[in-house]
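Numbering (the numbering used here), first residue to last: 3 to 188.
Rendered as structure tokens:
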């Protein structure tokens with residue numbers, strides 16, 4: 003896939019690794035297959051997304067790599083151990099790649115949003131309703147309360163941070179995990 007895209011459009015200057023999925027269960031009830039699938043999508047998928055572009059970016063001495071991680075990559079949350087482990091792994095991967103490419107002009111960073119108004123959020127709300135019997139509004143309010151601003155992050159807020167990291171104004175920013183969480187993490 004990478005080779006076809008490069009043949010059609012030329013070398014990659016920017017790669018954004020944006021994949022995510024999460025289940026919910028106490029760690030002792032998490033099936034190994036669920037654990038592995040979460041790591042495969044969130045961590046291995048991120049690695050496989052950026053790997054083909056690394057050598058070319060380093061050789062051209064330019065490039066931007068941005069991982070979409072999560073506040074779960076910066077702290078722990080109950081009942082999503084596999085997701086937390088995977089997103090912590092993404093942050094570690096980002097920092098390792100930043101260290102490898104720092105002298106080449108390639109920057110590697112991550113954005114770490116809290117709950118973003120996406121289908122993944124809606125799935126979390128559905129799971130809360132199923133497991134607790136709460137109303138939609140109660141479930142939404144519970145999740146929004148994790149953000150000190152009392153709201154969900156909007157996709158355009160995440161996109162704006164990614165665009166900034168990919169631009170010239172961020173050429174000295176590398177190895178950073180930027181929280182987009184309304185003050186949930188510092």
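No residue lacks a Cβ here, since even glycine has one placed at the ideal position from N, Cα and C.
A quick note: this is a predicted structure, and the numbers were derived from the prediction, not measured.
- Query: residue 122: which of 108, 156, 151, 176 sits nearest, CA to CA?
  - Reply: The residue labelled residue 122 in the question sits at position 120 within the chain shown. The shortest C-alpha to C-alpha distance from residue 122 to any of 108, 156, 151, 176 is the one to 156.
- Can you name, in chain order, every residue of its own chain whose Cβ lies under 6 Å from the Cβ of residue 179, other than the five neighbours on each side? Along the chain shown, read from residue 1 onward, the residue named residue 179 stands at position 177. Cβ within range, chain order: 93, 112, 114.
- Item | Bounding residues of the alpha helix (DSSP H) (the contiguous stretch that carries residue 181) | Against the chain shown, residue 181 aligns to sequence position 179. Looking at the DSSP string, residue 181 is not in any alpha helix (DSSP H); the run it does join, the beta strand (DSSP E), is 179-182.
- Task: On a CA-only basis, which of 58, 35, 80, 69 is nearest residue 27? Give me that one, please.
- Result: Numbered from 1 along the chain shown, position 25 holds the residue referred to as residue 27. For residue 27, the nearest C-alpha among the options comes from 80.
- Query: So residue 149 packs on residue 85, CB below 8 Å; how close in whole Å?
  - Reply: Counted from its first residue, the chain shown places residue 149 at position 147. Counted from its first residue, the chain shown places residue 85 at position 83. Not a contact, Cβ separation roughly 18 Å.
- Query: How do the segment 11-29 and the segment 60-72 stand: do at least 3 beta-carbon pairs fall below 8 Å, yes or no?
  - Reply: yes
- How big is the Cα-Cα spacing for residue 46 and residue 23? Translated into positions along the chain shown, residue 46 becomes position 44. Translated into positions along the chain shown, residue 23 becomes position 21. Approximately 12 Å, taken between the alpha carbons.
- Item | Cβ-based burial, residue 174 [other Cβ within 10 Å; buried from 16] | Your numbering for residue 174 matches position 172 in the chain shown. Exposed, since its Cβ has fewer than 16 Cβ neighbours within 10 Å.
- Message: If you follow the beta strand (DSSP E) that residue 109 is in, where does it begin and where does it stop?
- Response: Here residue 109 refers to the residue found at position 107 when the chain shown is read from its first residue. It spans 108-115 - the beta strand (DSSP E) in which residue 109 sits, taken as one unbroken run.
- Task: Under the assumption that residue 184 contacts residue 116 (Cβ atoms under 8 Å), give the Cβ distance between them as a whole number of angstroms.
- Result: On the chain shown, residue 184 is found 182 positions in, with the first residue counted as 1. On the chain shown, residue 116 is found 114 positions in, with the first residue counted as 1. That belief holds up - the Cβ atoms of residue 184 and residue 116 are roughly 6 Å apart, short of 8 Å.
- Would a C-beta distance cut-off of 8 Å place residue 17 and residue 52 closer than the cut-off? For the purposes of this step, residue 17 is identified with residue 15 of the chain shown, where counting begins at 1. For the purposes of this step, residue 52 is identified with residue 50 of the chain shown, where counting begins at 1. Yes; because the gap between Cβ atoms is below 8 Å, this pair is in contact.
- Message: On a Cα-Cα basis, can you pick out the residue from 78, 118, 76 that is closest to residue 158?
- Response: As a working note, residue 158 is residue 156 in the chain shown. The shortest Cα separation from residue 158 among 78, 118, 76 belongs to 118.
- Message: For the ligand ATP, I want to know if residue 95 counts as a neighbour, meaning its beta carbon is within less than 7 Å of at least one of the ligand's heavy atoms.
- Response: In the structure shown, the ligand ATP is absent, as is every other ligand, since no ligand is present at all.
- Message: Within 10 Å of its beta-carbon, does residue 164 have 16 or more other beta-carbons around it, so buried, or fewer, so exposed?
- Response: On the chain shown, residue 164 is found 162 positions in, with the first residue counted as 1. With 16 or more other Cβ atoms from the protein chains shown falling within 10 Å of its own Cβ, residue 164 counts as buried.
- Message: For residue 31 and residue 40, what's the separation of their Cα atoms in angstroms?
- Response: Within the chain shown, the letter at position 29 stands for residue 31. Within the chain shown, the letter at position 38 stands for residue 40. Cα-Cα distance, rounded: 15 Å.
- Message: Mapping the DSSP letters down to three states, classify residue 19 as helix, strand or coil.
- Response: Start at 1 with the first residue of the chain shown, and residue 19 comes out as number 17. Correct three-state label for residue 19: strand.
- Item | Those runs of the alpha helix (DSSP H) which lie wholly inside the segment 4-83 and span at least 4 residues | For the segment 4-83, whole alpha helix (DSSP H) runs of length 4 or above, ordered along the chain, are 4-11, 34-41, 47-62.
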